[in-house]
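Chemist: As you go down the protein sequences, you meet chains C, Y and H in turn.
Residues in the first sequence are numbered from 10 upward in steps of one, following the numbering used here.
Residues in the second sequence are numbered from 727 upward in steps of one, following the numbering used here.
Residues in the third sequence are numbered from 6 upward in steps of one, following the numbering used here.
What follows is a structure written as structure tokens; I'll ask about it next.
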Amino acid sequence: MITAQRKPMEEIFQSVERFGKILLLGCNECVTVCHAGGRKEVAMLASALRMGRLKQGSPLAVDELTLERQCDPEYAEELALAIDKYDAVCSMACGCGVQTIAGRYQGLPVLPMVNTTFMGASERQGVWAERCAGCGDCVLGLTGGICPVARCSKRLFNGPCGGSSKGKCEISPEVDCAWQLIWDRLKQLGQTELYTRIMEPKDWRTARDGGPRRIVREDMAI
Amino acid sequence: MSDFDPVVVVFACDYCAYTAADVAGRMGLSYPPGVRVLRVPCAGKVEPMYLMNALQMGADGVLVAGCQVGDCHFKSGNLRAAARVKRVQELLEEIGIGGQRVAMAHMSAGQGAVFAQAATEFSQQIAEMGPNPIKQGARRAA
Amino acid sequence: MKSDSNLERVLAAGHFAVTGELGPPRGANLETIKEKAAHLKGMVDAVNVTDNQTAVVRMASWAVSLVIKEMGLEPNYQMVCRDRNRLAMQSDILGASALGITTMLCLSGDHPSFGDHPQAANVHDIDSIQLIKMVSTMCEQGRFLSGGEIDTPPHMFVGAAANPFGDPFELRALRLAKKVAAGADFIQTQCIYDFPRFTEFMRQAHDMGLTEKTKILAGVTPLKSAGMARYMANKVPGMSVPAEVVKRIADQPKDKQAEEGIKLLCEQVEQLKTIPGVAGVHLMAIEWEHRVPEIVERAGLLPRPQL
């Protein structure tokens, strides 16, 4: 899932300073699951914005709406009839949702209310952690199911650096050493010989380094 | 400050604080007249939006009253409530309303005196903070 | 000989090698480099020139390498994977080799969060083992990482680092083996205070036949004070400083602690000479270059062979 976190209120207030009526737009997908931009978070932010602006003596009218999915043009279409009422759309979706709305409603400011953070998984209730960097060429089959690109601070492909200590990364005792995890799992799987092979330099063209990426499925694109 | 009697909403857990409020009444213990007690099935039922709505509708302060730590009928509802109150406090601080306008209290069903004291002290604290600033802002804007 | 490296000659002739270290200045300042280098001249076989060490911006390691080369020292040009992608690395290697740098050390690099620009993007296009292999391929096969031919290939004596004190310990010798397979001609280790663990690491390396294939220089750092000993023990990731070492320095009065640190180092060098497979020492006298002549003298490492 894509994770996100609400922007600081100071930044949000600044970004809506010049508006009197906005649509606060949530998304029912990833940002709902990570409690950043679903219906409940839309209600909270709407309330915070109304109260904050009332206190400042310049009320802000905030309408709330949460789309099934902000990153699909079909759902973005749902706003078409009402959109003219607003000075701006404030999106609580990830950057993909913000851009879909902005792309559809070219004449209207569409502002991000969250910082899209990473592709991650839930470790437990209320805790999410980065798991995938979307590099476009998955190596999990060679690394015991633990990603060195997303989970090693130096994205090393051939084992832990000298800073690995008691299972933790040198950058923080809060961060697991990915290579400790990889090694432990390879041992468990009886695949330690995978470690002894030198992994060759990665072809980063499949990642962001090859330019913005696109997937076209001819069979679906009709 | 003496003539300001703040409106304080108390979300009271049915298993403890709500009964405690009742006990306080039967014991003849008084607490400020602006305190309005709302019964909830568990402090854990109190969503952050309840606190925001209360403030948005004009309450000056909101108190969530749940069971003693370790005594929640639903195991951890009171802990969840406390964590949510903290989160809302941070948000209220960020938007200039004042984090201390919401608070958490813990008590057991028999503790009428604890309820009365918590309600009184919180109400006094809110009285010192003054009225919910959105009310004055709304008047200015009007 | 695969290069013109003095270190390669010293090691090939079977001498117990000594390398030193010099941290480039935080400014466009040649004088401090020259002053530090002067203390090291004739005292060591090669001098590591660090590359934005601890992720703090300093003068380019290739530039400082050239300065000390002109002074007659042999630079061990350090290169980290943190700051450059494969294009920049290969072009720097060509430039360094063309200008007479013959020895280099391939490292991952400390994470930017430790340094003076924690906001920086960390590159890590390739890792240190891939870097070793890339340099080796450039030198030996005359090919870029892309496979393209190099018209005049560089010549480098290629080094790598090893930290026997990082975790997981059972991976440390295996990781060394990968570096050797990638083409590391020599290895410099993290500073050693924990001899039981280092001895075990060397035993594993020796049993795997690695000491036949590469030359291992054991890292030593003189402890200047009890404060430094405690810092190394508690704050440096992947460092093992036994409590008795800290105690030995701390038990001395403040003005005798540095002296005790040098004494300890001399004992360590003697002990290292007895460990099979240790081909030399890498002396990291951090901001203590002026004491290096005294330290190598007292450790019985002089005179350095002239080959």
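Glycine included, C-beta positions come from ideal geometry on N, C-alpha and C.
Once the 5 residues before and after Met727(Y) are set aside, which same chain residues still bring their CB inside 8 Å of it?
Modeler: Low confidence applies here, because Met727(Y) scores a pLDDT of 46, under 50, leaving its location unreliable; read the following figure in that light. Only Ala853, Glu854, Gly856 meet the Cβ criterion.
Chemist: Just to confirm before moving on: does the CB-CB distance between Pro30(H) and Met64(H) stay below 7 Å?
Modeler: A contact, by the Cβ cut-off of 7 Å.
Chemist: May I have the straight-line CA-CA distance separating Met101(C) from Ala57(C), to the nearest angstrom?
Modeler: Taking the straight line joining both Cα atoms gives about 14 Å.
Chemist: DSSP on Met141(H), reduced to helix/strand/coil?
Modeler: Here residue 141(H) is Ser; the residue named in the question, Met, does not match the sequence. Ser141(H): helix per DSSP, three-state reduction.
Chemist: What whole-angstrom Cβ distance do Val811(Y) and Met830(Y) have, given they're in contact under 8 Å?
Modeler: So it is a contact: roughly 4 Å between Cβ atoms.
Chemist: Can you tell me the Cβ-Cβ gap for Val318(H) and Leu45(H), rounded? I've got them flagged as a contact below 8 Å.
Modeler: A question about residue 318(H) goes unanswered here, because the residues of chain H that appear run from 6 up to 312.
Chemist: Which residues of the stretch 143 to 172 of chain C have a Cβ closer than 7 Å to any Cβ of chain H? Give them in chain order.
Modeler: From the stretch 143 to 172 of chain C, only Ser162, Lys163, Arg164, Leu165, Phe166, Asn167, Gly168, Pro169, Cys170, Gly171, Gly172 have a Cβ closer than 7 Å to chain H.
Chemist: Going along the chain, which residues of the stretch 112 to 124 of chain H sit with their C-beta nearer than 7 Å to a C-beta in chain C?
Modeler: Hits within the stretch, in order: Ser113, His116, Ser118.
Chemist: Going by C-alpha to C-alpha distance, which of Gln134(C), Met128(C), Lys175(C), Glu183(C) sits closest to Val158(C)?
Modeler: Comparing Cα positions, the closest option is Met128(C).
Chemist: Please name the residue or residues paired with Thr12(C) in a DSSP beta bridge.
Modeler: Bridge partners of Thr12(C): Phe127(C).
Chemist: For Pro774(Y) and Gly46(C), I'd like the C-alpha separation in whole angstroms.
Modeler: Looking at the two C-alpha atoms, the distance is approximately 15 Å.
Chemist: Between which two residues does the alpha helix (DSSP H) containing Ser118(H) stretch?
Modeler: First-last for Ser118(H): undefined, no H or E at that position.
Chemist: Which whole-angstrom value describes the C-beta separation of Trp192(C) and Leu35(H), a residue pair presumed to lie in contact below a C-beta threshold of 8 Å?
Modeler: The Cβ separation is near 45 Å, so there is no contact.
Chemist: Is Asn676(Y) helix, strand or coil when you go by DSSP?
Modeler: No answer is possible for residue 676(Y): it lies beyond the span of chain Y, which begins at 727 and ends at 868.
Chemist: Which residues of chain C have a Cβ atom closer than 7 Å to the Cβ of Met855(Y), listed in chain order?
Modeler: Simply none; closest approach about 13 Å.
Chemist: Does any residue of chain C bring its CB to less than 7 Å from the CB of Gly863(Y)?
Modeler: With 7 Å as the cut-off, Gly863(Y) counts as an interface residue toward chain C.
Chemist: Taking the straight line between their C-alpha atoms, what separation do you get for Thr96(C) and Arg194(C)?
Modeler: Note on identity: in this sequence residue 96(C) is Asp, with Thr being the wrong assignment. Whole-angstrom Cα-Cα distance: 53 Å.
Chemist: Would you mind stating whether Asp740(Y) and Pro767(Y) have Cβ atoms separated by less than 7 Å?
Modeler: For Asp740(Y) and Pro767(Y), yes; Cβs fall inside 7 Å.
Chemist: Output the distance between the C-alpha atoms of Asp130(H) and Gly47(H), rounded to the nearest integer angstrom.
Modeler: Roughly 37 Å separates the two Cα atoms.
Chemist: What are the boundary residues of the beta strand (DSSP E) that Gly104(C) is part of?
Modeler: Here Gly104(C) belongs to no beta strand (DSSP E); instead the alpha helix (DSSP H) covers 104 to 113.
Chemist: Three-state secondary structure (DSSP) at Pro298(H)?
Modeler: DSSP places Pro298(H) in helix when its eight states are reduced to three.
Chemist: By the DSSP assignment, the beta strand (DSSP E) with Gly690(Y) in it spans what residues?
Modeler: Outside the displayed span of chain Y (727 to 868) sits residue 690(Y), for which this structure offers no information.
Chemist: According to DSSP, simplified to helix, strand and coil, what is Ile223(H)?
Modeler: What sits at residue 223(H) in the sequence shown is Ala, not Ile. Note: Ala223(H) maps to strand in three-state DSSP.
Chemist: When you check each C-beta in the stretch 201 to 221 of chain C against every C-beta of chain H, which residues fall closer than 9 Å?
Modeler: Answer in chain order: Thr201, Tyr204, Thr205, Arg206, Ile207, Met208, Glu209, Pro210, Lys211, Trp213, Asp218.
Chemist: What first and last residue would you give for the alpha helix (DSSP H) that runs through Asp193(C)?
Modeler: 187 to 198 is the span of the alpha helix (DSSP H), which, as asked, contains Asp193(C).
Chemist: Just mark Asp156(H) as buried or exposed, buried being the case when its beta carbon has 16 or more other beta carbons within 10 Å.
Modeler: Classification for Asp156(H): exposed.
Chemist: I need the DSSP call for Asp260(H), collapsed to helix, strand or coil.
Modeler: In the structure shown, Asp260(H) sits in a helix (DSSP, three-state: H, G or I).
Chemist: For the stretch 820 to 849 of chain Y, which residues have a beta carbon sitting closer than 7 Å to at least one beta carbon of chain C?
Modeler: Per Cβ criterion, the list reads Glu820, Ile821, Gly822, Ile823.
Chemist: Who does Ile192(H) pair with in a DSSP beta bridge?
Modeler: Beta-bridge pairing links Ile192(H) to Ala165(H), Ile221(H).
Chemist: Excluding the five sequence neighbours on either side, which residues of its own chain have a C-beta within less than 7 Å of the C-beta of Phe149(H), listed in chain order?
Modeler: Excluding sequence neighbours, Phe149(H) sits near Gln95, Met143, Ile155.
Chemist: Can you give the Cα-Cα distance for Met10(C) and Glu87(C), rounded to whole angstroms?
Modeler: Computed Cα separation, rounded: 24 Å.
Chemist: In whole angstroms, give me the CA-to-CA distance for Lys177(C) and Val241(H).
Modeler: Approximately 13 Å between the Cα atoms of the pair.
Chemist: DSSP puts Gln83(H) in a beta bridge; with which residues?
Modeler: Beta-bridge pairing links Gln83(H) to Leu110(H).
Chemist: Any chance the stretch 90 to 110 of chain H sits against the stretch 159 to 167 of chain H, with 3 or more Cβ pairs inside 8 Å?
Modeler: Yes, they touch.
Chemist: For my contact list, Phe21(H) and Gly285(H) are in at a C-beta cut-off of 8 Å; report their separation, rounded to the angstrom.
Modeler: About 5 Å separates the two Cβ atoms, so the contact holds.
Chemist: Could you tell me the distance, in whole angstroms, from the CA atom of Ile137(H) to the CA atom of Pro221(C)?
Modeler: Spanning the two alpha carbons is a distance of roughly 31 Å.
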